[in-house]
Amino acid sequence: MKNKKKIFCGVLAVLLCVLMVFPLASCKKNPNGGNNNGGQISDKWWTTEGELSKDENGNVVFNNVSIRLETVVAGDDKDAFNMLVDKFNRLYAGKIRVNVTNTGAGTYESTVASKITNNNNAPDLIMSHQKSHKNFADNKLIQPLNEAMELSGIILNMNNYATGLAQYTSLGYTGYTFSVPVDGQSMAVFFNKKALEAIGKSVPTNRAELFEVCEAYKKATGNVPIAWNTSADYFSNYVYISAILQNGGTLYDENTYLASWYDNETNRTAIRNASESFREMFSKGYAKFAESSSSALTEFIGGNRLFYFTDPWSMSDLVSQYAEREGVSEDTLIETTLGGTTYAGWFAMSDTATKDYIFGDSHFFAMTKNVTDINKKAAILEFIRWFTSEASVGAEWAKAGHISASKTISGNETYQNDTYVSNFISKFYPDINNFRCIGNTPHYEAIISNLKAIFSDTVDNNGGHTEERDNSVIKQKQDAVNNSINFFG
2 MKNKKKIFCG VLAVLLCVLM VFPLASCKKN PNGGNNNGGQ ISDKWWTTEG ELSKDENGNV
62 VFNNVSIRLE TVVAGDDKDA FNMLVDKFNR LYAGKIRVNV TNTGAGTYES TVASKITNNN
122 NAPDLIMSHQ KSHKNFADNK LIQPLNEAME LSGIILNMNN YATGLAQYTS LGYTGYTFSV
182 PVDGQSMAVF FNKKALEAIG KSVPTNRAEL FEVCEAYKKA TGNVPIAWNT SADYFSNYVY
242 ISAILQNGGT LYDENTYLAS WYDNETNRTA IRNASESFRE MFSKGYAKFA ESSSSALTEF
302 IGGNRLFYFT DPWSMSDLVS QYAEREGVSE DTLIETTLGG TTYAGWFAMS DTATKDYIFG
362 DSHFFAMTKN VTDINKKAAI LEFIRWFTSE ASVGAEWAKA GHISASKTIS GNETYQNDTY
422 VSNFISKFYP DINNFRCIGN TPHYEAIISN LKAIFSDTVD NNGGHTEERD NSVIKQKQDA
482 VNNSINFFG
């Protein structure tokens, strides 16, 4: 009875979160289980008015077009983003001006949904995490970009973006482009070059090599090799879900949105292996289960850890603090002491085809349904094109912790040669095509929150873990997800 009550309460909490985000939403599943009317749009919910002015070469001529942009970027990377927008405004003075509103992730979706629905100070353009865009499209809050691209000639070709992210730009509506990928971000891994050299080892590329390096460092120094904070929200959000994917698991059925974490043997094994991959590291003394963020940072820059997991947008602060402590310039620190690497493959218990997957968030641009003027639509396309094709923009955004999803930017020497890109960002995510985000499910909150609950219940330092116990937890959380999804059916 207690377990049933706990499951019901968990489902109820997830439902309330979803309803608060999209209070007017009605999730109607199609006969195949999806939520996109079979990939077709039967009722066009947007309009296009006005005429474009073009020069002799067919390029759109802009004249004082104003765009309201609301972005979820509101943390340590806020200033960097806003400075890039200011740069665009200077370049396009008298032509296009973008006005930014920064809204925190905790209230972003409900705030923006309400503004668009009521057409009250609604943004024209949004930049938010990919996971929210499926709900925005299904609730007719954003519109596709195809018509504007055709009329303006400003084409955003999804073949020019990382395939692992560009696959979600249609949001399940075949033939349409609703959103454009900007970047990717997951946990970053830094390491001490001098300490690694001292033990005569190279940067590990898989789990076996990681254990070999950690064992050598532990024996040589007596220190714990890895500094991280498992209680940090981003850790379980990113690293644990990456571990599931690296072990061959899938997060949900793309047709029904339902989870099969327990019912599918491959997924059940992948989740158990993901949990065991962490427990094994704890048992060998390669990492601590409980270490505060401040302690992890202090131990790393104090020379008492070999590797350090942290969020990538704190990269500039880390470099600055570390350089100051060492009494050297930042360039010298990067050249001699501080390196970046990836955790791809570090949690794969076997050589799976997905062992190098990295899971995280990705910012996407999308145009809201309220935009009707073709001049404003074209201006929005021009801003998206600029932000996702200019190498200098990509380099500045990378310094704020975000790898570019644009192949145009990533293939440019200016971007590749940037200090932060070449030493850190490109090392964190060596193949952007292996970067994965939640994809086209409107039920991402239920999926992510219950996977995090599995992490909490199966990865700890108390021991007593058995296959039966882990399976019980996995089934309980699978049922919680599916009950919440079926509630809307």
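Its first residue numbered 2, the sequence shown is counted upward by one per residue in the working numbering.
Backbone N, C-alpha and C define an ideal beta-carbon position, used for all residues, glycine too.
- Round the Cβ separation of Asp77 and Trp314 to the nearest angstrom and send it over; I've been treating them as touching at under 8 Å. Walking along the sequence shown from the start, residue 77 turns up at place 76. Walking along the sequence shown from the start, residue 314 turns up at place 313. Beta-carbon to beta-carbon, Asp77 and Trp314 are separated by about 5 Å, close enough to satisfy the 8 Å threshold.
- With which residues is Asn100 paired in a DSSP beta bridge? Within the sequence shown, residue 100 is the residue found at index 99, counting from 1. Beta bridge pairing from DSSP links Asn100 with Arg69.
- Quick one: grab the DSSP three-state call for Pro182. Reading the sequence shown from its first residue, position 181 is the one you call residue 182. Pro182 falls in the strand class under three-state DSSP.
- Between which two residues does the beta strand (DSSP E) harbouring Thr342 extend? As a working mapping, residue 342 is identified with position 341 in the sequence shown. For Thr342, the enclosing beta strand (DSSP E) has its first and last residue at Leu339 to Thr342.
- Message: Please state the DSSP three-state secondary structure of Gly35.
- Response: Locating residue 35 in the sequence shown gives position 34, where the first residue counts as 1. Its pLDDT being 38, under 50, Gly35 is placed unreliably in this model, and the coordinates cannot settle the point.
- Thr369 - containing beta strand (DSSP E), residue span: Residue numbering aside, residue 369 sits at position 368 when the sequence shown is read from its first letter. Counting along the chain, the beta strand (DSSP E) containing Thr369 begins and ends at His364 to Thr369.
- Message: Please state the DSSP three-state secondary structure of Phe456.
- Response: By 1-based counting over the sequence shown, the position of residue 456 is 455. Here Phe456 sits in helix by DSSP.
- Task: Whole angstroms is fine: what's the gap from Arg470's alpha carbon to Trp262's?
- Result: Position 469 of the sequence shown holds residue 470. Position 261 of the sequence shown holds residue 262. Whole-angstrom Cα-Cα distance: 14 Å.
- Query: Hey, would you say Lys378 sits closer than 8 Å to Ala149, going by beta carbons?
  - Reply: To locate residue 378, count along the sequence shown from 1; it is residue 377. To locate residue 149, count along the sequence shown from 1; it is residue 148. Result yes, Cβ atoms of Lys378 and Ala149 sit closer than 8 Å.
- Item | Contacting residues, own chain, Cβ-Cβ under 7 Å from Ile486 (five flanking each side not counted) | The residue you call residue 486 lines up with position 485 of the sequence shown. Result list for Ile486: Tyr258, Leu259, His444 and Ala447, in chain order.
- Message: For Phe436, which residues in the same chain have their Cβ closer than 6 Å to its Cβ, ignoring the five residues on either side in sequence?
- Response: Taking the first residue of the sequence shown as position 1, residue 436 is located at position 435. Counting only Cβ-Cβ distances below 6 Å, and skipping sequence neighbours, we find Gly165, Gly185, Ile359 and Tyr430.
- Proximal residues to Ile375 (C-beta, below 8 Å), its chain only, five neighbours per side dropped: Here residue 375 corresponds to residue number 374 of the sequence shown, with the count starting at 1. So the qualifying residues of the chain are Thr49, Glu50, Gly51, Glu52, Leu53, Ala149, Leu152 and Ser153.
- Query: Taking DSSP as the reference, what is the three-state secondary structure of Ile449?
  - Reply: In the sequence shown, residue 449 corresponds to position 448, counting from 1. Secondary structure at Ile449: helix, using DSSP grouped into helix, strand and coil.
- the segment 64 to 76 contacting the segment 124 to 139, beta-carbon criterion three pairs below 8 Å: With the cut-off at 8 Å, the segment 64 to 76 and the segment 124 to 139 touch.
- Runs of alpha helix (DSSP H) wholly within the segment 367 to 436 (minimum 4 residues, chain order): Listed in chain order, the complete alpha helix (DSSP H) runs (minimum 4 residues) inside the segment 367 to 436 are 375 to 388, 392 to 400, 408 to 411 and 414 to 417.
- Message: Just to check my reading of the structure: Val190 and Tyr344 have Cβ atoms closer than 8 Å, yes? What is that Cβ distance to the nearest angstrom?
- Response: Position 189 of the sequence shown, counted from the start, is the residue given in the question as residue 190. Position 343 of the sequence shown, counted from the start, is the residue given in the question as residue 344. Taking a contact as a CB-CB distance under 8 Å, the pair Val190 and Tyr344 counts as one, their CB atoms being some 5 Å apart.
- Message: Rounded to whole angstroms, what is the Cα-Cα separation between Phe425 and Thr206?
- Response: Position 424 of the sequence shown holds residue 425. Position 205 of the sequence shown holds residue 206. So the alpha carbons of these two residues sit roughly 16 Å apart.
- Query: Between the C-alpha atoms of Ala399 and Thr389, what's the straight-line distance to the nearest angstrom?
  - Reply: Locating residue 399 in the sequence shown gives position 398, where the first residue counts as 1. Locating residue 389 in the sequence shown gives position 388, where the first residue counts as 1. When rounded, the distance between both Cα atoms is 12 Å.
- Cβ shell of Asp357 (< 6 Å), same chain only, five flanking positions each side left out: Counting from one through the sequence shown, the residue named residue 357 turns up at place 356. So the list reads Ala345, Gly346 and Asn435, once near-sequence residues are dropped.
- Item | First through last residue of the alpha helix (DSSP H) which encompasses Ile245 | The residue labelled residue 245 in the question sits at position 244 within the sequence shown. Unbroken alpha helix (DSSP H) run through Ile245: Ile242 to Gln247.
- Message: Looking at Lys141: is its Cβ nearer than 8 Å to the Cβ of Gly173?
- Response: For the purposes of this step, residue 141 is taken as residue 140 along the sequence shown, with counting starting at 1. For the purposes of this step, residue 173 is taken as residue 172 along the sequence shown, with counting starting at 1. Going by C-beta atoms, Lys141 is not nearer than 8 Å to Gly173.
- Item | C-alpha distance - Gly59 paired with Asn441, whole-angstrom precision | To locate residue 59, count along the sequence shown from 1; it is residue 58. To locate residue 441, count along the sequence shown from 1; it is residue 440. For Gly59 and Asn441, the distance between alpha carbons rounds to 36 Å.
- Query: CB-CB under 7 Å to Thr342, same chain, minus the five flanking residues each way: which ones, in chain order?
  - Reply: As a working note, residue 342 is residue 341 in the sequence shown. Excluding sequence neighbours, Thr342 sits near Val190, Phe192, Val204 and Lys428.
- Task: Starting from Val190, follow its DSSP beta bridges and name the residues at the other end.
- Result: As a position in the sequence shown, residue 190 is number 189, starting the count at 1. Per the DSSP secondary-structure output, Val190 pairs in a beta bridge with Phe310 and Thr342.
- When DSSP builds the beta bridges, which residues end up paired with Ser129? Within the sequence shown, residue 129 is the residue found at index 128, counting from 1. Answer by DSSP bridge pairing, in chain order: Phe365.
- Message: Quick check: the Cα distance between Val474 and Ser317, rounded to an integer number of angstroms?
- Response: As a working note, residue 474 is residue 473 in the sequence shown. As a working note, residue 317 is residue 316 in the sequence shown. The alpha-carbon of Val474 is positioned some 39 Å away from that of Ser317.
- Going by DSSP, what residues sit across from Ala228 in a beta bridge? Indexing the sequence shown from 1 puts residue 228 at position 227. Answer is Tyr309.
- Message: Quick check on Lys5: does DSSP put it in helix, strand or coil?
- Response: The residue labelled residue 5 in the question sits at position 4 within the sequence shown. Low local confidence applies: a pLDDT of 43 at Lys5 is under 50, so the model's placement there is unreliable, and no value is given.
- Contacts around Val422, its chain only, beta-carbon distance under 7 Å, and the 5 residues preceding and following it disregarded: Here residue 422 refers to the residue found at position 421 when the sequence shown is read from its first residue. The answer, listed in chain order, is Ala396, Ala399 and Tyr416.
- Between the C-alpha atoms of Ile242 and Val372, what's the straight-line distance to the nearest angstrom? Sequence index remark: in the sequence shown, residue 242 carries index 241 (1-based). Sequence index remark: in the sequence shown, residue 372 carries index 371 (1-based). When rounded, the distance between both Cα atoms is 37 Å.
- Message: Rounding to the nearest angstrom, what Cα-Cα distance links Gly39 and Gly176 in this structure?
- Response: Counting from one through the sequence shown, the residue named residue 39 turns up at place 38. Counting from one through the sequence shown, the residue named residue 176 turns up at place 175. For Gly39, the pLDDT reaches just 49, beneath the cut-off of 50, and the residue's location in the model is therefore unreliable, although a value from the coordinates is still provided. Distance between the alpha carbons of Gly39 and Gly176 is about 12 Å.
- Identified DSSP bridge partners for Lys55: Along the sequence shown, one-based indexing puts residue 55 at 54. Answer is Val61.
- Message: Per DSSP, what are the beta-bridge partners of Glu469 in this structure?
- Response: Within the sequence shown, numbered from 1, the residue matching residue 469 stands at position 468. By DSSP's assignment, Glu469 forms no beta bridge with any residue.
- Message: Once the 5 residues before and after Ile156 are set aside, which same chain residues still bring their CB inside 7 Å of it?
- Response: Mapped onto the sequence shown, residue 156 falls at position 155. Listed in chain order, the non-local C-beta contacts of Ile156 below 7 Å within the same chain comprise Met150, local neighbours out to five positions each way being set aside.
- Less than 8 Å separating the beta-carbons of Ala349 and Asn265? Here the question's residue 349 lines up with position 348 in the sequence shown. Here the question's residue 265 lines up with position 264 in the sequence shown. Contact: no.
- Query: Rounded C-beta distance between Ser1 and Val460? I'm assuming under 8 Å.
  - Reply: Beyond the ends of the chain as shown, which are 2 and 490, falls residue 1; an answer cannot be given.
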